[in-house]
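Working notes for the structure below.
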Amino acid sequence: MHWSDVMANRLAERGNKHIIATGITPSGEFHIGHLREILTGDMIARAARKAGMEAELVFVVDNADPLRKVYPFLDEAYEAFIGHQLGSIPAPDSEGKPDWARFNEEGWTYGDHFLQPFLDALRQIGVVPKLLPNLAAYRSGKFAEAARTACDRADEVREIIERVSGRELPEGWFPWQPLDSNGSLDGVTVKGYEFPYVHWVDSTGAQGSSNIEKGEGKLPWRLDWPAKWGFHNITCEPFGKDHGAAGGSYDTGKEIARLFGHEPPVPLTYEWISLRGQGAMSSSSGNTVGPMEALRLVPPEILRFLVANSKPNKAIEFDTAMGLVNLADEYERLCNRNFRAELEDDALSRRKRVQIEDAMVAVELSSIDESKARAGASVSFRHLALLAQVKPTDEGVWQSLQASGALETPGEELVDRLSRMRSWIASDHFPEEMRINLSQEPNKNALNLLSVEQKRVVMVLHSALSQFPWDVEGITAAFKEASVQANVGMRDVYRASYAVFMGAERGPRLAPILSNCEREEMLTLVKKSAAL
RNA sequence: GGGCCUGUAGCUCAGUCAGGUAGAGCGUCGGACUUUUAAUCCGAUGGUCGCGGGUUCGAACCCCGUCGGGCCCGCCA
Numbered sequence: 334m335h336w337s338d339v340m341a342n343r344l345a346e347r348g349n350k351h352i353i354a355t356g357i358t359p360s361g362e363f364h365i366g367h368l369r370e371i372l373t374g375d376m377i378a379r380a381a382r383k384a385g386m387e388a389e390l391v392f393v394v395d396n397a398d399p400l401r402k403v404y405p406f407l408d409e410a411y412e413a414f415i416g417h418q419l420g421s422i423p424a425p426d427s428e429g430k431p432d433w434a435r436f437n438e439e440g441w442t443y444g445d446h447f448l449q450p451f452l453d454a455l456r457q458i459g460v461v462p463k464l465l466p467n468l469a470a471y472r473s474g475k476f477a478e479a480a481r482t483a484c485d486r487a488d489e490v491r492e493i494i495e496r497v498s499g500r501e502l503p504e505g506w507f508p509w510q511p512l513d514s515n516g517s518l519d520g521v522t523v524k525g526y527e528f529p530y531v532h533w534v535d536s537t538g539a540q541g542s543s544n545i546e547k548g549e550g551k552l553p554w555r556l557d558w559p560a561k562w563g564f565h566n567i568t569c570e571p572f573g574k575d576h577g578a579a580g581g582s583y584d585t586g587k588e589i590a591r592l593f594g595h596e597p598p599v600p601l602t603y604e605w606i607s608l609r610g611q612g613a614m615s616s617s618s619g620n621t622v623g624p625m626e627a628l629r630l631v632p633p634e635i636l637r638f639l640v641a642n643s644k645p646n647k648a649i650e651f652d653t654a655m656g657l658v659n660l661a662d663e664y665e666r667l668c669n670r671n672f673r674a675e676l677e678d679d680a681l682s683r684r685k686r687v688q689i690e691d692a693m694v695a696v697e698l699s700s701i702d703e704s705k706a707r708a709g710a711s712v713s714f715r716h717l718a719l720l721a722q723v724k725p726t727d728e729g730v731w732q733s734l735q736a737s738g739a740l741e742t743p744g745e746e747l748v749d750r751l752s753r754m755r756s757w758i759a760s761d762h763f764p765e766e767m768r769i770n771l772s773q774e775p776n777k778n779a780l781n782l783l784s785v786e787q788k789r790v791v792m793v794l795h796s797a798l799s800q801f802p803w804d805v806e807g808i809t810a811a812f813k814e815a816s817v818q819a820n821v822g823m824r825d826v827y828r829a830s831y832a833v834f835m836g837a838e839r840g841p842r843l844a845p846i847l848s849n850c851e852r853e854e855m856l857t858l859v860k861k862s863a864a865l
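Our numbering puts the first residue of the first sequence at 334, with every later residue one more than the last.
Laid out in C-alpha cells, this is it:
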C-alpha cells in the first residue's frame, strides 16, 4: 500500500474530518526540502479525501519565530533585528538591506518576502494550503488559553520537557518568552508571573510586563507547537526527522498537548532532501535549489513525483543532472502504463502487486489537478532534450514530432515543457552527457577504434557527401552512397560517421543535425579525419 | 551517554509491519531499425539481501549482537 494510503487508514481510525498541518519558519529562501513538508501533507490530504474523509491542508507560517543571526545574504543592519520576530521586521531589499519603505507603507515583512515566492511555486505544483500566520495568531489571542495553562503549570511543563528530552532546563526557564522594550525575544529574564502578565527585565536592565493574551511574546517552540495543534484542531502533521527524534519536540509535544487538553496529531516523520554531492540543504548556508529554480527546469509533476514515489523515511538525493532526466522519464513511462489492467492478472505475486499499486498511486498523486489524472506525454524527456538542442526554434521541434507521427498539434502542456527544457539546457544543471557536441577537430581516439571496414567509410565519406544537397534527404542519401562505395553495411557507415562527427560510437540521428550545421565546416572535418 | 533512521543487482530503489523458491527501473552486453533524432523493439547479463549468531520445517523479513552511513537530544523541513 502506498504510504499516503497507510496514513489515510490511520486517520480513518481517528475520525472523519481532518486538518493536516505543515509549518515552516520563513527565515530565508525556501528550497525543495521545504517542498517535501508541504507535498507530504498535501498527499496525505488527497489520500484521506480519496478514502471518503474530509481533509484540509493548512500551512502554519512560523513568522513569530525570531531572527537567529545575520545570514550571509543579509546586510549588517540586520544585527539590530536579531531576536526580533520575522513577521515584525522589514524584508531585505535586493542588496540585503532592510526595506523600510515597503515595510512602513505596505507592511511587507521579512517573513512575507521569503514566503511569497514559495507560495507562487506551490500554486504551480497544485498545492494551495490555507495559510495560518503564527504571529497574527499570537496577536489575536489564539494562544491565550494554552499560554495561561503553561504559565499556571510551569512546573509540570518543565517536568515533561526534562523527563522526555532528557536534558535539564536552565535555572530561570519559564514557558513564555516575553518581548523586551526593543521588540526582541533574546536576553530577557522572567521575574514573575501574575496572569495575564509575565514580568521581565531585559539585557539593558529595562523592566516591563508582557501580556500573554495579546501576543507580547511567544511560547517556546516545544510549547508553541502543541498549543497550535489545539486551537487549529490539527489531526495530522508530517514533520522533518529533526522533530521526530526520540526526545525531540514531537515527543514532548505529545504530553504537553494532553496537558493543554487535546490529543496530539497523527505524526509522520520524513527524511531530508539533500543536494547530490553537496549534503543537506540549508537556507542559511546558501546550499539550496529553490522551488522556483527547480520549476524552471522540469514540469511540476516531476517534483510531485519525486516526493510521491519515495517513502517518507527515505532520504532523497536531488540531482539536477542525469538524475532528473531519469526521474522524468520514469514518470513518463509510468504514466503510459495501464495499471488497472495489469492488476487484473490474478497470477501476480504479492510483491509484484504491491509494486504496481504503489506506482499507480504515486502517479495519481503526481498529477497537478487532483480530480483528473494526467495522460502520459507522447514525447519522452530525453527525446525532447535532444530535439530542443537540435532544433533552434519551437516550430522546428513541433514539425519534427509531427513528421514522426508523435503528435498532431502540441498541447499547452508540451509547449510549457519545451520552454522549461530550453532553460534547463541553458543552465549549468544540464548534464554534460546529454549535450550534443559536434567535434571541431577529428577525434583521434574515436577514429582509431574503428574497424578496417569502418575506416574505409571515412575515406569515401567526403566524396559521398559532396554528391548530394545539404539537407536531411541528401545527407541520408549520401550515407547510403557511402555504404555502396565502401562496400559495407549501414551499421558500419553510422559507426564511422559518429566517430567523425561526434567522436562517439553512437548518437542521435545524424542527418537532421548535420543539416543544421555549416556544410563546409563539416566537409573539412571529414577531410581532416580521412587524412589521419 | 541516550535514541531514531538506514545498509538488497554497477546505479536508484521495492520487498521487512502479516516469514514460504531474491524483484523492478535504469545501466551494461547482443540483435533489429537510421524517414519514430542516444528513440523504439527483441533478447541476454546481473545480488554470499552489511556481517555474526539465535528462533523456525523454512529468515532479506522476527530476536540478540556487531560494523558502516545519516541524523536527533539549543534552533532547523
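Where is the CB? At the ideal position from N, CA and C, for every residue including glycine.
- When DSSP states are grouped into helix, strand and coil, N544 belongs to the strand group.
- The Cβ atoms of S713 and E665 sit closer than 8 angstroms to each other.
- The beta-carbon distance between F476 and A470, rounded to whole angstroms, is 6 angstroms. This is short enough to meet the 8 angstroms contact definition.
- Membership of W731 in any beta strand (DSSP E) is not indicated; the residue belongs instead to the alpha helix (DSSP H) covering 727 to 736.
- When the Cα atoms are used, P845 and S772 turn out to be separated by approximately 16 angstroms.
- Here DSSP, grouped into helix, strand and coil, assigns C569 to strand.
- Going by DSSP, Y526 is part of no alpha helix (DSSP H) but of the beta strand (DSSP E) stretching over 522 to 527.
- Taking C-beta atoms under 8 angstroms as the contact rule, A797 and E814 qualify, at a distance of about 4 angstroms.
- Here DSSP, grouped into helix, strand and coil, assigns H417 to strand.
- Pairing G623 with L657, the inter-Cα distance amounts to about 15 angstroms.
- Per DSSP, the unbroken beta strand (DSSP E) holding P466 starts and ends at 463 to 466.
- Annotation for Y526: C484 place their beta carbon closer than 6 angstroms to its own, counting only its chain and skipping 5 residues before and after.
- For T355, the uninterrupted beta strand (DSSP E) run begins and ends at 350 to 357, by DSSP.
- Ranking K524, A479, M386, R789 by CA distance to the CA of W554 puts A479 first.
- H351 places its beta carbon less than 8 angstroms from that of T568.
- E663 and T522 have their C-alpha atoms roughly 56 angstroms apart.
- For A388, the uninterrupted beta strand (DSSP E) segment begins and ends at 387 to 394.
- In this structure, V394 and N467 form a Cβ contact; the two beta carbons are roughly 6 angstroms apart against a cut-off of 8 angstroms.
- Between the region 366 to 386 and the region 406 to 425, the count of C-beta pairs closer than 8 angstroms stays below three; the two stretches do not touch.
- In the DSSP assignment, G550 forms a beta bridge with P511.
- Rounded to whole angstroms, the gap between the alpha carbons of L502 and R491 is 7 angstroms.
- For Y827, no pairing in a beta bridge is given by DSSP.
- In the three-state DSSP reduction, I769 falls in the coil class, being neither helix nor strand.
- Burial check for E806: the Cβ neighbour count within 10 Å stays below 16, so the residue is exposed.
- Per DSSP, reduced to three states, the secondary structure at F763 is coil, with no helix or strand assignment.
- At a Cβ-Cβ threshold of 8 angstroms, I415 and D519 count as neighbours.
- The Cβ neighbour count for G444, taken over all protein chains shown within 10 Å, is at least 16; the residue is labelled buried.
- Per DSSP, reduced to three states, the secondary structure at L455 is helical.
- V826 and T602 have their C-alpha atoms roughly 57 angstroms apart.
- Here the region 678 to 698 makes contact with the region 626 to 644; the two share three or more CB pairs at distances below 8 angstroms.
- From the listed residues G474, E549, R496, the smallest Cα separation to A560 is found for G474.
- Unbroken beta strand (DSSP E) runs of no fewer than 3 residues, entirely contained in the region 587 to 669, are found at 599 to 603, 606 to 608, 649 to 651, following chain order.
- Per DSSP, the continuous alpha helix (DSSP H) segment holding W433 begins and ends at 433 to 439.
- Between the C-alpha atoms of D804 and S848 there is a straight-line separation of about 5 angstroms.
- Restricting attention to D761, E786, L390, the CA atom closest to the CA of P571 is found in L390.
- R637 and R684 have their alpha carbons spaced roughly 24 angstroms apart.
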